[in-house]
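Trainee: Take a look at the following structure, please.
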Amino acid sequence: MENIKEYLKAERNQEWRAELRKSMKAKERTGRERNDMLERDPNVRNKNIDEVNLGLTEELALADARRCIDCANPTCITGCPVGINIPKFIKKIETGDYLGAAVVLKETNALPAVCGRVCPQEKQCENNCFYTISLKKPAVAIGNLERFAADYERNSGQMAIPEVAAPNGIKVGVIGSGPAGLSAAGDLCKLGYDVTVFEALHEIGGVLKYGIPEFRLPNEIVDVEIEVMRKMGIKFKTNFLVGRTATIDELKEQGYEAFFVGSGAGLPRFMNIPGENYNGILSSNEYLTRVNLMNAANPDFDTPVLKGKNVAVIGGGNTAMDSVRTAKRLGAERSVIVYRRSLVEMPARVEEVKHAQEEGIEFMNLHNPVEYFADENGRVNKMRIQKMELGEPDASGRRRPIVIPNSEFDIEVDTVVVSVGVSPNPLIPASLPNLKMTDWGTIVVDQDTMQSSIPELFAGGDIVRGGATVILAMGDGRKAAAGMHKYIQEKINK
Amino acid sequence: MNKIVEKEFFSENVAKLVIEAPEIAKSRKPGHFVIIRIDERGERIPLTIAGSDIEKGTITLVIQKVGVTSAKLLALNEGDAIRDVVGPLGKATHIENIGTVLCAGGGVGVAPLLPIVEGFKKAGNRVITVLAARTKDLIILEDQMREFSDEVILMTDDGSSGRKGLVTAGMEEVIKREKVDMCMTIGPAIMMKFAALTTKKYNIPTEASLNTIMVDGTGMCGACRVSVGGKTKFVCVDGPEFDAHEVNFEEMMSRLGGYKELEAKAYEKYLKNAE
Ligand SMILES: Cc1cc2nc3c(=O)[nH]c(=O)nc-3n(C[C@H](O)[C@H](O)[C@H](O)COP(=O)(O)OP(=O)(O)OC[C@H]3O[C@@H](n4cnc5c(N)ncnc54)[C@H](O)[C@@H]3O)c2cc1C
Ligand SMILES: Cc1cc2nc3c(=O)[nH]c(=O)nc-3n(C[C@H](O)[C@H](O)[C@H](O)COP(=O)(O)OP(=O)(O)OC[C@H]3O[C@@H](n4cnc5c(N)ncnc54)[C@H](O)[C@@H]3O)c2cc1C
Ligand code: SF4
Ligand code: SF4
Ligand code: FES
Chain A
286 MENIKEYLKA ERNQEWRAEL RKSMKAKERT GRERNDMLER DPNVRNKNID
336 EVNLGLTEEL ALADARRCID CANPTCITGC PVGINIPKFI KKIETGDYLG
386 AAVVLKETNA LPAVCGRVCP QEKQCENNCF YTISLKKPAV AIGNLERFAA
436 DYERNSGQMA IPEVAAPNGI KVGVIGSGPA GLSAAGDLCK LGYDVTVFEA
486 LHEIGGVLKY GIPEFRLPNE IVDVEIEVMR KMGIKFKTNF LVGRTATIDE
536 LKEQGYEAFF VGSGAGLPRF MNIPGENYNG ILSSNEYLTR VNLMNAANPD
586 FDTPVLKGKN VAVIGGGNTA MDSVRTAKRL GAERSVIVYR RSLVEMPARV
636 EEVKHAQEEG IEFMNLHNPV EYFADENGRV NKMRIQKMEL GEPDASGRRR
686 PIVIPNSEFD IEVDTVVVSV GVSPNPLIPA SLPNLKMTDW GTIVVDQDTM
736 QSSIPELFAG GDIVRGGATV ILAMGDGRKA AAGMHKYIQE KINK
Chain B
904 MNKIVEKEFF SENVAKLVIE APEIAKSRKP GHFVIIRIDE RGERIPLTIA
954 GSDIEKGTIT LVIQKVGVTS AKLLALNEGD AIRDVVGPLG KATHIENIGT
1004 VLCAGGGVGV APLLPIVEGF KKAGNRVITV LAARTKDLII LEDQMREFSD
1054 EVILMTDDGS SGRKGLVTAG MEEVIKREKV DMCMTIGPAI MMKFAALTTK
1104 KYNIPTEASL NTIMVDGTGM CGACRVSVGG KTKFVCVDGP EFDAHEVNFE
1154 EMMSRLGGYK ELEAKAYEKY LKNAE
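Going line by line, the protein sequences match chains A and B.
Using the numbering used here, the letters of the first sequence map in sequence onto residues 286 to 779.
Using the numbering used here, the letters of the second sequence map in sequence onto residues 904 to 1178.
So, in structure tokens, the structure goes:
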């Protein structure tokens, strides 16, 4: 920790940074207002899949970058799970060196264009910014600036291909191509390993592709990054389900020395209430996969999707928000969130809730479904809902929802998307009887090295945390890559 | 990309495709299936692996035309490639030597039944196979079934081949005649429902292989869910075979129709374009 502090201090003392700080009084910086990103008109965007946020213009980015006072003690960094050198990249932007800013980002974050878009900044870096903590003012727009620099780099056509160490000929396998797997693969490749990423689906990217919709994270952004990784020499094998197409033991026989498991939390939970298996009731994973991975809303593609008129989405997380906004875009007349707690307890990113409200999504907070009814064809047509109130805080610190007796009533629905959480994907654990698991089905790992109870197996992301975030998954991937490197080198040098 | 190395029609609407998939060929067992996607715009559909050749690195699929994707598949030729093939998926059939096994297949269920019949025979069982179809021309894989069955009974709705009647009539005949230790049934949901009711009367343990709608086939979406013994199960990872006496076939049939209108419209459009 001391080392990092020293390093940050030395960086901050560089002449260009000191000059920049002097160029404008701190008072003048803190007196400036935070800018918002440009956004598409809610009543236009809720009918198409174009990205909602348009990003910052160069002018706005410069203005926001100037707000950062380049603190001697940059608390913002403590809020970032991968420890991006935030003031450094922001000050690079202030000098107009946008490509330089992107380089700083990529030192610790392989996918800044993604994180700038989907990180819950208001809970992480921005929540720890000097403005938030001490000035009680809107934080420096760290996420927006991160997105700006990363987008600038991508649009410049000068994407830097990271330097890769001379190949060491050692084969390692990465299982799953979500953010955890991709970041582990990137780091292992930089260290000289011969990396193969195995992915069960036909597309690379995990939730970034099949879950998060185009209007929040265009696929193209993920694809550009994957292209860079291919150029670095990482091999991708799609349609390969580890544990089935080949087992880990078989891969070991093929010469793989160690593995990183980033297989995610892909098992959808249902509520097990009467009528939940009627037609028209589906998991958010199914709904979003049909639309995002299979392109079902496009008539030129073969996969069908139900376009409901009256759509209810159960849940309050990002997945629920993505589903309800997708339903609106597919033409729903009524698109409703049904969530058992109140608006403030919703785990979704604040921006997504705001965008959903602007787009005409209805919110039935403090409500919970108890039963579904169907027409003669077995298609859901009614949902019975119960009212809730908030009681004492529970283990998560949020106030516990309590049923209000005799408060049931029915609403009409023709499509219901159940988005009440996911469990870890059990496929890999089921094929490895010696792997130590928690009662929740997550893999037990060492906090520092991400090593599991099977020495050559490392793991991270949602398979270790349950449902978490993109940036935490990526942080795990990096940690695990370092752990694997150490493990393999020790084994070789024995 | 998985190349088609061999194609053979069994009847107008049923064909066998042998495709390159060396890794799957090596690891697959009877009861396993694959999910395929024909091209960039295709949907993902499940198909049982009817056989494999490890040396040649191929697997065999038997496909019945029912809608857009199966029609597109049957329109492909030797040398063409299928964009994506993933597997083997599902749990393998639990095969052991238990005595006499009655296998009942109908319609599209005959193809996935073949490797299971083969497996039970090779494990030393006496295998009696009942094949049912609406009419003579729709009976498929009869010769292959005979190769691995001690006896094959054909049943047709119109009596154009074998005996006239439903699959259950053929089954009951066997059950009344000799001791049956277990039964395996694959076919349309309605057929499996009645097959299960038949064996239940005689208390014969029965497995049904369920052909629900699927998307990913890895347990990620829940499209394939069914109720078994009152509990929700995912066919792609918990099955596809379940205790037939516990399966809620009514619910399964209803769920199979969940996209019927959209599928029918798409098929009409496809046929129009194909003209
Ligand atoms: C709709 C939705 C919206 C979200 N929004 C946000 C957001 O705004 N911000 C945020 O920070 N987080 C968000 N999240 C959460 C975030 O996406 C996840 O925490 C993150 O993707 C986890 O990364 P991962 O790499 O662990 O797993 P995943 O992204 O789930 O990737 C796992 C991959 O492994 C593959 N796989 C699984 N088993 C095998 C196997 N046996 N062999 C080969 N491949 C296998 C899977 O097919 C999958 O592609 C969202 C999640 C969803 C579903
Ligand atoms: C585990 C498993 C194994 C299977 N193995 C085989 C196989 O070896 N050979 C084979 O030909 N088919 C098999 N099927 C069925 C096959 O997946 C479907 O026939 C196929 O998805 C239909 O796609 P389509 O686009 O051609 O027709 P769609 O347009 O999807 O459907 C056309 C019509 O067929 C009905 N239908 C759709 N799916 C099914 C189904 N699963 N069973 C009965 N009717 C259905 C629909 O209700 C609709 O009316 C299997 C299914 C499962 C789940
Ligand atoms: S990666 Fe996320 S937490 Fe870290 S600085 Fe960027 S937006 Fe903030
Ligand atoms: S805490 Fe805020 S103001 Fe200080 S360096 Fe970080 S971003 Fe800039
Ligand atoms: S097909 Fe998606 S969970 Fe079974």
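Positions of the beta carbon are idealized from the N, C-alpha and C atoms, including for glycine.
Buried or exposed for K613 of chain A, please, with buried defined as at least 16 other CB atoms from any protein chain shown within 10 angstroms of its CB.
Mentor: Per the 10 Å Cβ criterion, buried.
Trainee: E484 of chain A: which of A:V492, A:K639, A:K377 sits nearest, CA to CA?
Mentor: For E484 of chain A, the nearest C-alpha among the options comes from A:V492.
Trainee: With 16 as the cutoff for other CB atoms within 10 Å, does L776 of chain A come out buried or exposed?
Mentor: Per the sequence shown, the amino acid found at residue 776 of chain A is Lys instead of Leu. Under this definition K776 of chain A is an exposed residue.
Trainee: Could you check whether the stretch 669 to 679 of chain A touches the stretch 534 to 547 of chain A, counting it as contact only if at least three pairs of C-beta atoms, one from each stretch, sit closer than 8 Å?
Mentor: Flag = no, the stretch 669 to 679 of chain A and the stretch 534 to 547 of chain A do not touch.
Trainee: From A:F586, A:G401, A:E571, pick the residue whose C-alpha is nearest to that of V1118 of chain B; which is it?
Mentor: Out of A:F586, A:G401, A:E571, A:E571 has the C-alpha closest to the C-alpha of V1118 of chain B.
Trainee: Helix, strand or coil for S627 of chain A per DSSP?
Mentor: Coil, per DSSP.
Trainee: Could you work out which residues of chain A lie near G990 of chain B, taking near to mean beta carbons separated by less than 8 Å?
Mentor: Residues of chain A passing the Cβ test: L526, R529, T530.
Trainee: Got a sec: does ligand 1 put a non-hydrogen atom nearer than 7 Å to the Cβ of V425 of chain A?
Mentor: V425 of chain A Cβ: outside cutoff for every heavy atom of ligand 1.
Trainee: The beta strand (DSSP E) with P654 of chain A in it runs from where to where?
Mentor: Where P654 of chain A is concerned, the enclosing beta strand (DSSP E) stretches over 652 to 659.
Trainee: Which same chain residues end up closer than 8 Å to Q642 of chain A when comparing Cβ atoms and leaving out the 5 residues on each side of it in sequence?
Mentor: Here the set comprises F648.
Trainee: Which of the three DSSP states, helix, strand or coil, is assigned to M769 of chain A?
Mentor: Here M769 of chain A sits in helix by DSSP.
Trainee: Run down chain B in chain order and give the residues with a C-beta less than 8 Å from the C-beta of M579 of chain A.
Mentor: What M579 of chain A touches in chain B: E946, R947, V1118.
Trainee: In three-state DSSP terms, what is P327 of chain A?
Mentor: Helix at P327 of chain A.
Trainee: In whole angstroms, what is the alpha-carbon distance linking K929 of chain B and I1056 of chain B?
Mentor: Taking the straight line from one Cα to the other gives about 32 Å.
Trainee: Going straight from the alpha carbon of V908 of chain B to that of I941 of chain B, what length do you get?
Mentor: Computed Cα separation, rounded: 15 Å.
Trainee: Cα separation between A346 of chain A and F433 of chain A?
Mentor: Rounded to whole angstroms, A346 of chain A to F433 of chain A spans 7 Å at the Cα level.
Trainee: Judging by CA-CA distance, which residue of B:L1165, B:G1090, B:L1174 is the nearest neighbour of P584 of chain A?
Mentor: The shortest C-alpha separation from P584 of chain A is found at B:L1165.
Trainee: Excluding the 5 residues flanking C1127 of chain B on each side, which residues of the same chain have their C-beta closer than 6 Å to its C-beta?
Mentor: Counting only Cβ-Cβ distances below 6 Å, and skipping sequence neighbours, we find T1115, M1117, F1137, V1138, C1139.
Trainee: Any heavy atom of ligand 4 within a distance shorter than 7 Å of the CB on T363 of chain A?
Mentor: Answer for T363 of chain A: no, Cβ out of range of ligand 4.
Trainee: Just tell me which of A:W301, A:R351, A:C474 has its CA closest to the CA of K312 of chain A.
Mentor: Checked all of A:W301, A:R351, A:C474; the closest Cα to K312 of chain A is A:R351.
Trainee: My understanding is that A1007 of chain B touches M1074 of chain B, with C-beta atoms under 8 Å, so please give their C-beta distance in whole angstroms.
Mentor: Yes, they are in contact, since the Cβ atoms of A1007 of chain B and M1074 of chain B sit about 5 Å apart, within 8 Å.
Trainee: Relative to the C-alpha of E958 of chain B, which residue among B:I966, B:E923, B:K932 is closest?
Mentor: The shortest Cα separation from E958 of chain B among B:I966, B:E923, B:K932 belongs to B:E923.
Trainee: Is it true that the CB of P503 of chain A sits closer than 8 Å to the CB of E336 of chain A?
Mentor: Yes, the Cβ-Cβ distance between E336 of chain A and P503 of chain A is below 8 Å.
Trainee: Quick one: is E1166 of chain B near chain A, going by C-beta distance under 8 Å?
Mentor: E1166 of chain B counts as touching chain A.
Trainee: Please tell me whether R575 of chain A has its Cβ less than 8 Å away from any Cβ of chain B.
Mentor: True, the Cβ-Cβ gap to chain B drops below 8 Å.
Trainee: My output table needs one value for N595 of chain A: the three-state DSSP class, helix, strand or coil.
Mentor: Three-state result, N595 of chain A: strand.
Trainee: Should H997 of chain B go down as buried or exposed, given a rule of 16 or more other Cβ atoms within 10 Å for buried?
Mentor: Its Cβ having fewer than 16 others within 10 Å, H997 of chain B is exposed.
Trainee: Run through DSSP, which three-state label would C1006 of chain B get?
Mentor: Of the three classes helix, strand and coil, the one that applies to C1006 of chain B here is strand, per DSSP.
Trainee: Using a 10 Å radius around the Cβ and a threshold of 16 neighbouring Cβ atoms, would you call Q774 of chain A buried or exposed?
Mentor: That one is exposed.
Trainee: Which residue wins for smallest C-alpha separation from I1042 of chain B, given the options B:G1010, B:R1066, B:D1053, B:F936?
Mentor: For I1042 of chain B, the nearest C-alpha among the options comes from B:G1010.
Trainee: Less than 8 Å between the CB atoms is what I'm expecting for A765 of chain A and A469 of chain A, so what's the real figure, rounded?
Mentor: At roughly 5 Å, the Cβ-Cβ gap stays under 8 Å, so A765 of chain A and A469 of chain A are in contact.
Trainee: Give the secondary structure of M1048 of chain B by DSSP, where H, G and I count as helix, E and B as strand, and everything else as coil.
Mentor: Three-state DSSP puts M1048 of chain B in a helix.
Trainee: Is the Cβ-Cβ distance between M1085 of chain B and I952 of chain B less than 8 Å?
Mentor: Cβ distance not < 8 Å, so M1085 of chain B and I952 of chain B don't count as in contact.
Trainee: What does DSSP give as the partner residue(s) for L541 of chain A in the beta ladder?
Mentor: Leu is not the amino acid found at residue 541 of chain A; the sequence shown has Tyr there. DSSP, once it has assigned bridges, lists A:K456 as partnering Y541 of chain A.
Trainee: Is E693 of chain A helix, strand or coil by DSSP?
Mentor: E693 of chain A falls in the coil class under three-state DSSP.
Trainee: If you compare alpha carbons, which of A:T700, A:A617, A:I369 is closest to N564 of chain A?
Mentor: Of A:T700, A:A617, A:I369, the residue nearest in Cα terms is A:T700.
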